[in-house]
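Peer 1: One structure coming up, written as structure tokens, with questions to follow.
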Amino acid sequence: MSWRSSFRCSKFRHVFGKPATREHGYDGVPITRSVHDNHYCAANPCFIAVVTECGGGGSFLVLPIHHTGRVDPQHPRVCGHSARVLDVKWNPFDDHCIASCSEDCTVKIWDIPVCGVQQNLTQARKTLIGHSRRVGLIEWHPTAEGLLLSSAYDYKVRSDDFMLLLSVSFSSDGSRLALTSKDRRVRVLDPRTGKILQVSYDKTHRASKVLYIGGLKMLLSTGSSPWNHRQIALWDPDDLSEPLYEEDLDGSAGVLFPFYDPDTHMLYLAGKGDGNIRYYELSAEKPYISFLTEFRSLLPQKGLGELEFEFFSWTCHLKTQSKTLANFCQNFGFKNTQL
Numbered sequence: 001m002s003w004r005s006s007f008r009c010s011k012f013r014h015v016f017g018k019p020a021t022r023e024h025g026y027d028g029v030p031i032t033r034s035v036h037d038n039h040y041c042a043a044n045p046c047f048i049a050v051v052t053e054c055g056g057g058g059s060f061l062v063l064p065i066h067h068t069g070r071v072d073p074q075h076p077r078v079c080g081h082s083a084r085v086l087d088v089k090w091n092p093f094d095d096h097c098i099a100s101c102s103e104d105c106t107v108k109i110w111d112i113p114v115c116g117v118q119q120n121l122t123q124a125r126k127t128l129i130g131h132s133r134r135v136g137l138i139e140w141h142p143t144a145e146g147l148l149l150s151s152a153y154d155y156k157v158r159s160d161d162f163m164l165l166l167s168v169s170f171s172s173d174g175s176r177l178a179l180t181s182k183d184r185r186v187r188v189l190d191p192r193t194g195k196i197l198q199v200s201y202d203k204t205h206r207a208s209k210v211l212y213i214g215g216l217k218m219l220l221s222t223g224s225s226p227w228n229h230r231q232i233a234l235w236d237p238d239d240l241s242e243p244l245y246e247e248d249l250d251g252s253a254g255v256l257f258p259f260y261d262p263d264t265h266m267l268y269l270a271g272k273g274d275g276n277i278r279y280y281e282l283s284a285e286k287p288y289i290s291f292l293t294e295f296r297s298l299l300p301q302k303g304l305g306e307l308e309f310e311f312f313s314w315t316c317h318l319k320t321q322s323k324t325l326a327n328f329c330q331n332f333g334f335k336n337t338q339l
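No gaps in the numbering here: position 18 of the sequence shown is 18 in the UniProt record's numbering, and each next residue is one more.
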């Protein structure tokens, strides 16, 4: 009988995170003190946007991605909202278009000049109204240009009534929408008709964030157990009666934000208020999730924004993320020296 190792061999077991030095980050950024569970930053190949704290109204900074270093306290901002900004998302089809939502019950679409924001930008291309309470979440459709989803504290996702949403995620082709709500269940629906296709009723997992795992036909959710241990769970989107995989991680209280790289099937988990980022490799076969290692830092993060793999030419570079700290936005990359 031949010997067979019980450990799964992974070519990503040597992945490590490397934070950029302070001069290669964005120093002096007055990051918002809002306690809303969002990332507060978003990045694309041209710009990084960071939600900022301000005395009146709401604003966010848009900085050229390569112009790092100390940020002028008087740097022009995008400041057309009359209340605090809660979320920003770049248009996946246009690197110079960004959407923002706010406590003023509106969603605004902004055009960012090629040279960046040279003076305070107060006039949006379009202002979307229809919500009666603060708008806490926005998401662009991945395949239909110009289609934007918004969720507010009036329990509405545009024209369809749901409970207060905590997270949304489109499938890679945009034909399905997964969401988590205040009742901590995972739902899958058809975004064209609004019909709910699947609902989870598992009592051992209280979901807060959800993410479609493109290519593997799975859903991943992060949340907590009845004993307040942070958890991750994998689901079959066609059958949410019970999770395919469930694991307790730790007893911390911060919300876990999942990031997935479809090219390498790697999952990154970053907790709000944590200093570490865990990485896993996902597969279509049991046990589905394999822990690789983690990046550790003494500085707690408020949120993260990611840059896609396709923007880099280095063969060993996997992903770059931007991490918002107290008054500093730090870039760091994940590399694999064994590729």
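Beta carbons are placed, not taken as given, at the ideal position from N, Cα and C, and that holds for glycine.
Work out the CA separation of residue 109 and residue 229 for me, nearest whole Å.
Peer 2: As a position in the sequence shown, residue 229 is number 229, starting the count at 1. As a position in the sequence shown, residue 109 is number 109, starting the count at 1. Between residue 229 and residue 109, the C-alpha separation is close to 38 angstroms.
Peer 1: Among residues of its own chain, excluding the 5 on either side of residue 121, which ones have a beta-carbon nearer than 6 angstroms to its beta-carbon?
Peer 2: The count along the sequence shown starts at 1 and reaches residue 121 at position 121. Excluding sequence neighbours, residue 121 sits near 78.
Peer 1: Jot down the residue ranges of each uninterrupted beta strand (DSSP E) in the segment 264-311, minimum 3 residues, whole runs only, in chain order.
Peer 2: 266-271, 277-282, 289-295 and 303-307
Peer 1: Rounded to the nearest angstrom, what separates residue 240 and residue 200 at their Cα positions?
Peer 2: The count along the sequence shown starts at 1 and reaches residue 240 at position 240. The count along the sequence shown starts at 1 and reaches residue 200 at position 200. One C-alpha to the other measures close to 5 angstroms.
Peer 1: Output needed for residue 235: all residues of its chain with C-beta closer than 8 angstroms, excluding positions within five of it in sequence on either side, in chain order.
Peer 2: Counted from its first residue, the sequence shown places residue 235 at position 235. Excluding positions up to five away in sequence, the list reads 186, 200, 218, 219, 220, 221, 243 and 244.
Peer 1: Quick one: what's got a C-beta closer than 7 angstroms to residue 310's C-beta in the same chain, skipping five residues either side?
Peer 2: Locating residue 310 in the sequence shown gives position 310, where the first residue counts as 1. In this prediction, residue 310 scores a pLDDT of 40, lower than 50, which makes its location untrustworthy; the coordinate-derived value is nonetheless stated afterwards. When the five nearest sequence neighbours on each side are left out, no beta carbon in the same chain lies closer than 7 angstroms to the beta carbon of residue 310.
Peer 1: I need the DSSP call for residue 184, collapsed to helix, strand or coil.
Peer 2: Counting from 1 along the sequence shown, the entry for residue 184 is found at position 184. Secondary structure at residue 184: coil, using DSSP grouped into helix, strand and coil.
Peer 1: According to DSSP, is residue 133 helix, strand or coil?
Peer 2: As a first step, residue 133 must be located in the sequence shown, where it is residue number 133. Of the three classes helix, strand and coil, the one that applies to residue 133 here is coil, per DSSP.
Peer 1: Check whether the segment 289-307 touches the segment 30-46, counting contact only when three or more Cβ pairs, one atom from each stretch, lie closer than 8 angstroms.
Peer 2: By the Cβ criterion, the segment 289-307 is in contact with the segment 30-46, since at least three pairs of Cβ atoms, one from each stretch, lie closer than 8 angstroms.
Peer 1: I need the straight-line Cα distance from residue 92 to residue 25, nearest angstrom please.
Peer 2: Reading the sequence shown from its first residue, position 92 is the one you call residue 92. Reading the sequence shown from its first residue, position 25 is the one you call residue 25. Just so you know, the alpha carbons of residue 92 and residue 25 end up roughly 24 angstroms apart.
Peer 1: Per DSSP, which residues does residue 107 bridge with? Please list them.
Peer 2: Residue 107 sits at position 107 when you count from the first residue of the sequence shown. Note: residue 107 sits in a beta bridge opposite 101 and 128.
Peer 1: Using a 10 Å radius around the Cβ and a threshold of 16 neighbouring Cβ atoms, would you call residue 159 buried or exposed?
Peer 2: Taking the first residue of the sequence shown as position 1, residue 159 is located at position 159. Bear in mind that the predicted position of residue 159 carries a pLDDT of just 35, short of 50, making it unreliable; the figure below should be weighed with that in mind. Burial call: exposed.
Peer 1: Measure the C-alpha to C-alpha separation of residue 270 and residue 277 and round it to an integer number of angstroms.
Peer 2: Looking up residue 270 in the sequence shown gives position 270. Looking up residue 277 in the sequence shown gives position 277. One C-alpha to the other measures close to 5 angstroms.
Peer 1: Sorted by chain position, which residues of the same chain lie with C-beta nearer than 6 angstroms to residue 249's C-beta, five sequence neighbours on each side aside?
Peer 2: Residue 249 sits at position 249 when you count from the first residue of the sequence shown. Leaving aside the five residues that flank residue 249 on each side, the residues in its chain whose CB is nearer than 6 angstroms to its CB run, in chain order, 230.
Peer 1: If you count every other CB in all the chains shown that lies within 10 Å of the CB of residue 35, and 16 or more means buried, which is it?
Peer 2: On the sequence shown, position 35 is the one that residue 35 refers to. So residue 35 ends up on the exposed side.
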